[in-house]
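Participant: Dropping a structure here in structure tokens format, bear with me for questions.
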Amino acid sequence: MAFSYYLYLITYKERNAINMLRYFFPILLLITFSAFSHAKDCQFDDVTFHSDFSTARLSTCERLAKHEYHIGILPENEPVNPSPWFGFKVQSKTDSKVKIKLTFNGNNPRYLPKLSTNGKDWQNIPFETKGKEMWLSLSTGKKPVWISAQEVIDNQEYDQWLARLKAQRPELHIETLGSSEKGRPIKAVVKQSPNNDEWLIIVGRQHPPEVTGAMALFAFSEALLLDNTLSNPFFKRFNLLMVPDLNPDGVHTGNWRHNANGVDLNRDWKNFAQAETRLVRDKMASIVQNGGKIVFALDFHSTFHDVFYTMPDDHDLAPIPLMKGWLADLDAETGWVFKTVNKSASSPDRGIFKQYIADHYKVHAVTYEVGDNTNRQLIPYVAKKAAKALVKNLLEVEPDAFYVKQK
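The sequence shown begins at 1 in the UniProt record's numbering and counts up by one.
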């Protein structure tokens, strides 16, 4: 009898342990994966790898041979879009040449590696690939060099950029909408006149690695706000809400795609499970509740090539000709050096920003995609021309042609 009772106790405890594991295992898995996706330092006899800066991502280190190392790069969680961001510093006690093998958790590389000697100025560097591996050859010394998937645009750079805009346009209001999932401020630029009720919405950096999209957002917004030939007529009629850095947590930790909770923000515009998307949704709702009208929206991203993702003509957005007119004018300005590609599609139930704007506010929204490797001189040139063409086309629309009633 005592033995049976003892056996019952063991079985009961085991059942409880199993039930607890079932509850906690997904949480533990995410915590474990997050912990191992970052390594602070990897120190060998002569060479040290660091990830002690914002946007860095370095997961595992291994010495393969003398002057030859393997750096493993893991995503923040899985499944994830295969956009493997990497970032680390390398230094050595003596001047030497090292070879570095980069692997990306079984994924192909996406980004062409960049090098900096100060963390600010970047240049492309030679590389080789072997299957899904990327190989770098570097000269190292006591002064560290930075290696990154793309140029680094971190949260501090956004703050500095906003400060420069405010210095040049004191009437701009830099507003904190609230906090990210990890408590970082979600900042917005608001330019509003009491007699204006039509609003342009701009968002950016939902996906942390998409740096060329950030470059385009900077140039587009500067043209809109600082070029008097555009800003004066535009802001006589329209207001602006711009949220340039929607995923500061993911940016800081060098995530491949997601926010701090492992969620793709550009798939959360249906469920609104994340603080970041809720903040923008609520701000737009407040605008409408106070008599404003959302009339157009832009979402800046990066992909493999330059493309504008728009909504189909049969989606009953007002006014129908606006999108074609804007892109035709952009093509007329830039066609000598830039091919304007328009791909229209509806993606109901996927939680995409442009779909939410189109479905909820019945107006045009565009995902402005910039190629990962688009020439860095071309990005601001096209973005400024895009701002000019959009201002022209928006001003040509009669106020009552957008729509009558919003939800």
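Just so it is clear, CB atoms sit at the ideal spot from N, CA and C, and this is done for glycine as well.
Report the residue from Arg57, Thr117 and Lys93 whose alpha carbon sits nearest the alpha carbon of Gly141.
Facilitator: The shortest Cα separation from Gly141 among Arg57, Thr117 and Lys93 belongs to Lys93.
Participant: Please list the terminal residues of the continuous beta strand (DSSP E) segment that includes Met134.
Facilitator: Met134 -> beta strand (DSSP E) spans Glu133 to Thr140.
Participant: Hey, Ala149 and Trp85: beta-carbon distance below 7 Å or not?
Facilitator: Their beta carbons are under 7 Å apart, which means Ala149 touches Trp85 by this criterion.
Participant: Closer than 7 Å by C-beta to Val397: which residues in its own chain qualify, once you throw out the five before and the five after it? Chain order, please.
Facilitator: For Val397, where only same-chain residues beyond five positions count, the Cβ hits under 7 Å are Pro319 and Leu322.
Participant: For a quick check, are the C-beta atoms of Ala401 and Phe300 less than 7 Å apart?
Facilitator: Not closer than 7 Å, so no.
Participant: Do the segment 270 to 279 and the segment 217 to 230 touch if we need at least three Cβ pairs shorter than 8 Å?
Facilitator: They do not touch, by the three-pair rule.
Participant: Closest by CA to Pro208, which one among Glu157, Ile153 and Ile202?
Facilitator: It is Ile153.
Participant: Roughly how many angstroms lie between the CA atoms of Ala297 and Ile357, to the nearest whole one?
Facilitator: Taking the straight line from one Cα to the other gives about 7 Å.
Participant: State the DSSP-derived secondary structure class of Arg350, mapped to helix, strand or coil.
Facilitator: DSSP places Arg350 in coil when its eight states are reduced to three.
Participant: Look at the alpha carbon of Lys97 and the alpha carbon of Asp45, and state the distance between them as a whole number of angstroms.
Facilitator: Computed Cα separation, rounded: 14 Å.
Participant: Excluding the five sequence neighbours on either side, which residues of its own chain have a C-beta within less than 7 Å of the C-beta of Val211, listed in chain order?
Facilitator: Taken in chain order, the residues that qualify are Gln150, Glu151, Ile153 and Ser302.
Participant: Under a CB-based cut-off of 7 Å, is Phe220 close to chain C?
Facilitator: Absent from the structure: chain C. Only one protein chain is present.
Participant: For Arg164, which option in Phe218, Lys132 and Ser116 has the closest C-alpha, if you only look at C-alpha atoms?
Facilitator: The shortest C-alpha separation from Arg164 is found at Phe218.
Participant: Mark Pro174 as exposed unless 16 or more other C-beta atoms lie within 10 angstroms of its C-beta, in which case mark it buried.
Facilitator: First, the amino acid is wrong: residue 174 is Ile here, not Pro. Looking at its Cβ environment, which holds fewer than 16 other Cβ atoms inside 10 Å, Ile174 is exposed.
Participant: According to DSSP, is Phe36 part of a helix, a strand, or is it coil?
Facilitator: Any answer about Phe36 is weak, because its pLDDT of 48 lies below 50 and its placement is not dependable; what the coordinates show is given next. Phe36 falls in the helix class under three-state DSSP.
Participant: Return yes when the Cβ of Ala188 is within less than 7 Å of the Cβ of Gly204, no when it is not.
Facilitator: Contact flag unset, no.
Participant: Within this structure, are the beta carbons of Arg184 and Asp282 separated by less than 7 Å?
Facilitator: Contact: no.
Participant: What are the boundary residues of the beta strand (DSSP E) that Ser96 is part of?
Facilitator: Note, Ser96: beta strand (DSSP E), Ser96 to Thr103.
Participant: Checking 7 Å against the spacing of the C-beta atoms, do Gly178 and Leu241 come in under that value?
Facilitator: It is not a contact, given that the beta carbons lie outside the stated cut-off.
Participant: Where does the unbroken beta strand (DSSP E) through Asp41 begin, and where does it stop?
Facilitator: Its beta strand (DSSP E) spans residues Asp41 to Gln43.
Participant: Below 8 Å, how does it come out for the segment 122 to 134 and the segment 55 to 69: are there three or more Cβ pairs, yes or no?
Facilitator: Too few Cβ pairs lie closer than 8 Å, so no.
Participant: Could you compute how far the alpha carbon of His360 sits from the alpha carbon of Ile287?
Facilitator: Approximately 14 Å, taken between the alpha carbons.
Participant: Helix or strand or just coil, what does DSSP make of Pro233?
Facilitator: Three-state DSSP puts Pro233 in a helix.
Participant: Please say whether Arg57 and Gly87 have beta carbons closer to each other than 7 Å?
Facilitator: Cβ atoms of Gly87 and Arg57: closer than 7 Å.
Participant: Suppose the cutoff is 8 Å on Cβ atoms and the five residues either side in sequence are ignored; what does the same chain contact list for Val363 look like?
Facilitator: For Val363, where only same-chain residues beyond five positions count, the Cβ hits under 8 Å are Ile294, Val295, Phe296, Ala297, Leu317, Ala318, Ile357, Phe402 and Tyr403.
Participant: Is it true that the CB of Glu133 sits closer than 7 Å to the CB of Thr103?
Facilitator: Yes; because the gap between Cβ atoms is below 7 Å, this pair is in contact.
Participant: Helix, strand or coil for Pro399 per DSSP?
Facilitator: Looking at Pro399 - three-state DSSP - the assignment turns out to be helix.
Participant: Closest to Leu246 by CA distance: which of Val263, Phe238 and Asn239 is it?
Facilitator: The shortest C-alpha separation from Leu246 is found at Val263.
Participant: Spell out the partners DSSP gives Lys303 in its beta bridges.
Facilitator: Looking at the sequence provided, one finds Thr at residue 303 rather than Lys. Paired residue(s): Gly371.
Participant: When DSSP labels each residue in this structure, what does Thr176 get in the three-state scheme?
Facilitator: Of the three classes helix, strand and coil, the one that applies to Thr176 here is strand, per DSSP.
Participant: DSSP on Leu322, reduced to helix/strand/coil?
Facilitator: Helix at Leu322.
Participant: Return yes when the Cβ of Lys388 is within less than 7 Å of the Cβ of Thr334, no when it is not.
Facilitator: Against a cut-off of 7 Å, the Cβ pair of Lys388 and Thr334 comes out as no contact.
Participant: Are the beta-carbon atoms belonging to Arg257 and Ser59 less than 7 Å from one another?
Facilitator: Contact: no.
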